[in-house]
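J.: In the working numbering, the protein residues as written are 1048 to 1129. To start, I am sharing the structure in question, which I have written as structure tokens.
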């Protein structure tokens, strides 16, 4: 999983085109784990139906780990950002 200090393999900043819009969700957002898991489920569906390459499965694995890490971080840091 990527962090500000340690970007992950699929770091959006490094992969984005110069003018490409992006949306970042931080762990402090209570909906973040659910939204990330939903994205992972959708991407996996596309892979399983041949609409995305099999190589995207690594992103699905990382996204699910990110969702778990976010939930754990929130539990350990509740109120830190308020």
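Yeah, the Cβ is synthetic: ideal placement off N, Cα and C, and Gly gets one too.
Looking only at its own chain, which residues have a Cβ that is under 8 Å from the Cβ of residue 1103, when we skip the five neighbours before and after it?
T.: Within the same chain, residue 1103 has close Cβ partners 1090, 1093, 1094.
J.: Consult DSSP for residue 1092 and reduce its assignment to one of helix, strand or coil.
T.: In this structure, residue 1092 counts as helix in the three-state DSSP scheme.
J.: Is the CB-CB distance between residue 1071 and residue 1110 below 8 Å?
T.: No, the Cβ-Cβ distance between residue 1071 and residue 1110 is not below 8 Å.
J.: Could you give the C-beta distance for residue 1129 and residue 1074, rounded to a whole number, given that I count them as a contact under 8 Å?
T.: That belief does not hold up - the Cβ atoms of residue 1129 and residue 1074 are roughly 14 Å apart, past 8 Å.
J.: Let's see if you can read the secondary structure: which residues bound the alpha helix (DSSP H) around residue 1104?
T.: Residues 1104-1123.
J.: Excluding the 5 residues preceding and the 5 following residue 1057 in the sequence, name in chain order all residues of the same chain whose CB lies nearer than 7 Å to its CB.
T.: Answer for residue 1057: 1106, 1109, listed in chain order.
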